[in-house]
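No gaps in the numbering here: position 121 of the sequence shown is 115 in my numbering, and each next residue is one more.
All C-beta atoms in this analysis are idealised placements derived from N, C-alpha and C, irrespective of residue type, glycine included.
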Amino acid sequence: MILKLNITITDSIDYAKLLLTDFGQLLLLVILSIIPVVNLIVVGYMGNIIKQPIDSKQLPSLDNYAELWTQGLKIGIAAIIYMIIPLVLVLPFFDVWGVLSFMPDIRGSNALLMQLTGALAAFLIAIIGVIAIVNMIKHDNFSKAFAFSEVFERIKRIGWVDYIQWILVIFVCIAIISAIGRIFLIFWFIALLIAPIFGVFIARSASLIYSEGTTTQEASTIPT
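Pasting the structure below:
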């Protein structure tokens, strides 16, 4: 199982490196990603990467912005729906934080508890939500994000241990990059450049993980 994960990670890193060979496209993704609402185009582009066949060695073209934006909006809505539970768990801490803002020590402990609770809830939801959203993208059907029987069957075929290991790797990478960005603010521009590359890495690895649970019958109808 470790070998399969290593192969997935290695392939995804190599695929993400392709963005470094096209600095113009990388710069355009960076610019689009920092503009509110417009940045849904970038989300939609990552969706197109997920749609790519797993044997593809080329990045999809960055065009048809209206189509990319619409796809990004669907992905965003599905993600928000899945994150409702973590938000419900976390939001009460904001009220406590506001009331006790004059007590720094308590405020700090509540902030930490809020972050830990939110992170744990987000991780648990992501176990289902990530593959569900990939399922939606692969089938180009919004309802497939909530086809829970399909999602659980897909994870079962992938292997729960393999799948959770992959989720953990992604979460750890996100945590490290976020921490570096917060601690070393001087590197904010570098973080902007890394973000699209990391997005390509996540999208590619998600597609590869998803393909591990694809049956022969499915392979003939959707990109794996």
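Following the DSSP letters along the chain, one finds residue 64 inside the alpha helix (DSSP H) bounded by residues 59 to 76. Remark: fewer than three beta-carbon pairs, one from each stretch, lie closer than 8 angstroms, so the region 64 to 80 and the region 11 to 28 are not flagged as touching.
Counting other Cβ atoms within 10 Å of its Cβ, residue 51 stays below 16 and is therefore classed as exposed. In chain order, 129 and 130 place their CB closer than 6 angstroms to the CB of residue 138, counting only its own chain and leaving out the 5 sequence neighbours on each side. Distance from residue 162 to residue 5 at the Cβ level is roughly 18 angstroms; contact not present, criterion being Cβ atoms closer than 8 angstroms. Note that the C-beta distance between residue 44 and residue 189 is not below 9 angstroms.
Inclusion of residue 10 and residue 192 in the CB contact set at 9 angstroms is warranted, their separation being smaller than that value.
Pairing residue 126 with residue 182, the inter-Cα distance amounts to about 32 angstroms. Under the three-state reduction of DSSP, residue 50 is assigned to coil, being neither helix nor strand. Separation of residue 143 and residue 187 (C-alpha to C-alpha, rounded to the nearest whole angstrom) is 38 angstroms. In the displayed model, residue 200 falls within a helix according to three-state DSSP. Non-local beta-carbon contacts of residue 53 in its own chain, meaning distances under 6 angstroms to residues more than five positions away in sequence, involve 12 in chain order. Across the structure, residue 74 and residue 207 are spaced so that their CA atoms are roughly 25 angstroms apart.
In the three-state reduction of the DSSP assignment, residue 116 falls in the helix class, which pools H, G and I. Nearest in C-alpha terms to residue 47, of all of 133, 173, 146 and 147, is 133.
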